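Take any residue in the sequence shown, note its place counting from 1, add 36, and you have its number in our numbering. In this text, a Cβ means the ideal position worked out from N, Cα and C, and glycines have one as well. Note that this is a predicted model, so its numbers are computed, not measured. Let me begin by presenting the structure, written as structure tokens, before commenting on it.
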Amino acid sequence: MTEAKATPDPAPLADRYLECTSPATGERIGQIEVMGEEAVRRAVASARQAQRGWGELPVKERAERVLGFCDRLIERAEDLVDLLVLETSKPRLEAISNEILVLADLIHWHAKHAPEILRPREERLHLLKHRKSTISYVPRGVVAVISPWNYPLMLPFSDVSLAVLAGNAVVLKPSEHASLVALRAKQLWDASELPPDLLQVVTGGAETARALIDAGVQKVSFTGSVDVGRKVAEQCGRNLIECVLELGGKAPLIVCADADVERAARAITWGGFANMGQACVSVERVFAHAAVYDALVKRVGELVRELRQGAPEDFDIDVGAIRLERNLAHLDALVADAVAKGAVVAAGGQRLPRRGNFYAPTLLVDCSPEMRVMQEEIFGPLVPMMRVDGDEEALSIANGLPLGLSSYVFSRDTEHAEALARRIEAGSVVINDVHSDIASPEVPFGGIKLSGYGKVHGIEGLRSMCITKHVSANRTPLPARSPFWFPYDSRDIPRAIRGLRLLFTRHGPLGRLSQWL
Ligand code: NAD
């Protein structure tokens, strides 16, 4: 049992507590404080204080210290895995590979490259040759990170690490459904060489998150559902603070006629059922060409029926329980709607008659676009498959939804797959693989349409944690008055017009030159 304290402060900060329960057993595993406005404001003030010195440090030194935190995470990997398993019911190997390993890789890549990515650079001006422009990446101040429950270590601490490398402090509001892992990671942070106050963890639900956005932070990095994302965007808009929104997905996976069926079948099974299908990049819709459909359905069915489900305290399982009890009813409703409209249950299709939130890994075949399961985010162990006559049909249905996070294409012809990828409306398209987009630290990740805006990871993700600042200096001593300054002289007008024509008509005397300036 884990009793987690959100703050070591002896003053009573919370008026309420939330119970934390295990998805696999329903048993109480701890409690978290629901922190109110006052506590949140104090957390932001402490973070701001700590940021002042931190933001002054050379990036290389910040990177060294963030790597020290990563060392603590790795040293305590077994302990973190135990807690991840207890709190989320994900299989142990996934807790290691998809949470700790992916996070450690992301921290290492960004720590190594941050000094170069954040180094001030000179922009050569094409016209104002006498001026020198320097672009620098300045810390914003305090970044709020608001995160979901599905990857309670990897997701929030990716944002935390990038924000801190960029010189900011962070106030993290983890999901109320998975805060214990974040609190344990905060203890490891405090035991590292990082300033303890640089990271604050505030616990609670929606009201705590809303208080945080209003508490004077300079940026919000939000990961969660579309509905809540809209509210976060509105609130950030009222405060005029920038936000990045990493929202829901409905990843299509298109299997072309020439695909390797065995690889596609294994990718669908892993990509659809890893983390019990509770990933924003989960395979949520399969469109298979008629030439391979029957073989693919048969093979995926076999693989799904082979999945071993159980409590993740048992080591050899592939699929655990789902995090929220209420999602069991959502899965039932999706299956019932699909079956009523002609889908066939090829595996699973119901809850397990045992304690805990267990839903059997479910495969629905012969699906069609009007079914809810083909339109709504599933976020559970359920994959729908549909037969299509060709790429055009698959593309038009895939692009017909207002979501666009990840997507997948399977084909042996890379050029053909890349041509399809260019036409898929999504933030990323992965060819002949699944989930590797979110696990590649060097590439920007983020959706389009209702899947959100802004990018995390890579050069764009790291720089977006900063203010991009421009300083313009003169290269040479300057006269007291510049040509376009007051007082205006009407004799300058014809000169200015002549200058315009010389420079900016394509066939004028200097027009051709202007493109090289
Ligand atoms: P959620 O939107 O219910 O909650 C996310 C966070 O927002 C939680 O910390 C919650 O307390 C907080 N919150 C709730 N109401 C709020 C409000 N009014 N203002 C501010 N914050 C508020 O999402 P969830 O159920 O925790 O996570 C599942 C969703 O997250 C899925 O839709 C999934 O696709 C999405 N997700 C997206 C990504 C991505 O990278 N795009 C990654 C993981 C999960």
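Please classify residue i as buried or exposed, where buried requires at least 16 neighbouring CB atoms within 10 angstroms.
{"i": "Glu-55", "result": "exposed"}
{"i": "His-471", "result": "buried"}
{"i": "Gln-314", "result": "buried"}
{"i": "Phe-415", "result": "buried"}
{"i": "Pro-46", "result": "Confidence at Pro-46 is low in this model, with a pLDDT of 41, below 50, so its placement is unreliable and no value can be given for it."}
{"i": "Pro-210", "result": "buried"}
{"i": "Lys-41", "result": "Because the pLDDT at Lys-41 is just 44, under 50, the model does not fix this residue reliably, and the value given afterwards should be weighed accordingly. So Lys-41 ends up on the exposed side."}
{"i": "Ala-205", "result": "buried"}
{"i": "Leu-161", "result": "exposed"}
{"i": "Leu-546", "result": "exposed"}
Quick check on residue i: does DSSP put it in helix, strand or coil?
{"i": "Asn-363", "result": "helix"}
{"i": "Glu-454", "result": "helix"}
{"i": "Ser-7", "result": "The displayed coordinates of the chain run from 37 to 553. Any statement about residue 7 would go beyond what the structure contains."}
{"i": "Ser-197", "result": "helix"}
{"i": "Asn-468", "result": "coil"}
{"i": "Gln-223", "result": "helix"}
{"i": "Asn-393", "result": "coil"}
{"i": "Phe-540", "result": "helix"}
{"i": "Ala-180", "result": "strand"}
{"i": "Pro-420", "result": "strand"}
{"i": "Thr-259", "result": "strand"}
{"i": "Ser-172", "result": "strand"}
{"i": "Leu-19", "result": "The structure shown does not extend to residue 19, since the chain spans only 37 to 553, so no value can be given for it."}
{"i": "Asn-435", "result": "coil"}
{"i": "Cys-292", "result": "coil"}
{"i": "Val-355", "result": "strand"}
{"i": "Cys-316", "result": "coil"}
{"i": "Arg-52", "result": "strand"}
{"i": "Cys-403", "result": "coil"}
{"i": "Met-37", "result": "In this prediction, Met-37 scores a pLDDT of 37, lower than 50, which makes its location untrustworthy; the coordinate-derived value is nonetheless stated afterwards. Note: Met-37 maps to coil in three-state DSSP."}
{"i": "Ala-42", "result": "Because Ala-42 sits at a pLDDT of 45, beneath the cut-off of 50, its placement in the model cannot be relied upon, and the point is left open."}
{"i": "Leu-191", "result": "helix"}
{"i": "Arg-531", "result": "helix"}
{"i": "Lys-148", "result": "helix"}
{"i": "Leu-370", "result": "helix"}
{"i": "Lys-209", "result": "strand"}
{"i": "Ala-47", "result": "In this prediction, Ala-47 scores a pLDDT of 44, lower than 50, which makes its location untrustworthy; the coordinate-derived value is nonetheless stated afterwards. Residue state, collapsed to three classes: coil."}
Comparing the CB of residue i with every heavy atom of the ligand NAD, is any distance shorter than 7 Å?
{"i": "Thr-246", "result": "It should be pointed out that residue 246 corresponds to Arg in this sequence rather than to Thr. The answer is yes for Arg-246."}
{"i": "Lys-209", "result": "yes"}
{"i": "Gly-285", "result": "yes"}
{"i": "Thr-259", "result": "yes"}
{"i": "Cys-279", "result": "no"}
{"i": "Glu-69", "result": "no"}
{"i": "Glu-454", "result": "no"}
{"i": "Glu-212", "result": "yes"}
{"i": "Asn-393", "result": "no"}
{"i": "Val-179", "result": "no"}
{"i": "Asn-311", "result": "no"}
{"i": "Ser-194", "result": "no"}
{"i": "Asn-186", "result": "yes"}
{"i": "Glu-270", "result": "no"}
{"i": "Val-237", "result": "no"}
{"i": "Lys-222", "result": "no"}
{"i": "Lys-267", "result": "yes"}
{"i": "Ala-331", "result": "no"}
{"i": "Phe-351", "result": "no"}
Pick out whichever of the options has its Cα sitting closest to the Cα of residue i.
{"i": "Leu-514", "options": "His-166, Val-262, Glu-152", "result": "His-166"}
{"i": "Ala-147", "options": "Arg-157, Ser-183, Glu-97, Lys-126", "result": "Glu-97"}
{"i": "Val-419", "options": "Asn-468, Arg-299, Gly-307", "result": "Gly-307"}
{"i": "Ser-215", "options": "Glu-478, Phe-351, Thr-61, Ile-65", "result": "Ile-65"}
{"i": "Cys-272", "options": "Val-355, Asp-250, Gly-285", "result": "Asp-250"}
{"i": "Glu-338", "options": "Ala-295, Asn-311, Ala-383", "result": "Ala-383"}
{"i": "Ile-290", "options": "Leu-332, Gly-260, Glu-278", "result": "Leu-332"}
{"i": "Ala-60", "options": "Val-355, Ala-434, Leu-367", "result": "Val-355"}
{"i": "Lys-286", "options": "Val-317, Pro-192, Arg-160, Asp-294", "result": "Val-317"}
{"i": "Ala-245", "options": "Gly-265, Leu-230, Val-465", "result": "Gly-265"}
{"i": "Thr-239", "options": "Val-253, His-213, Val-336", "result": "His-213"}
{"i": "Arg-408", "options": "Phe-394, His-366, Phe-258", "result": "His-366"}
{"i": "Asp-296", "options": "Met-312, Cys-279, Ala-310, His-325", "result": "His-325"}
{"i": "Gln-254", "options": "Arg-335, Gln-87, Gly-544", "result": "Gln-87"}
{"i": "Met-410", "options": "Glu-63, Arg-274, Leu-370, Ser-194", "result": "Leu-370"}
{"i": "Pro-405", "options": "Asp-294, Arg-128, Phe-323", "result": "Phe-323"}
{"i": "Ser-58", "options": "Val-479, Glu-111, Asp-118", "result": "Asp-118"}
{"i": "Pro-231", "options": "Phe-351, Pro-389, Leu-201, Ser-487", "result": "Leu-201"}
{"i": "Glu-123", "options": "Val-217, Ala-301, Gln-345", "result": "Val-217"}
{"i": "Gly-241", "options": "Leu-283, Ser-183, Thr-504, Leu-189", "result": "Ser-183"}
{"i": "Ile-171", "options": "Val-178, Leu-164, Arg-157, Gly-177", "result": "Arg-157"}
Could you check whether the Cβ of residue i sits closer than 8 Å to any Cβ belonging to chain D?
{"i": "Glu-114", "result": "Here there is only one protein chain, and chain D is not present."}
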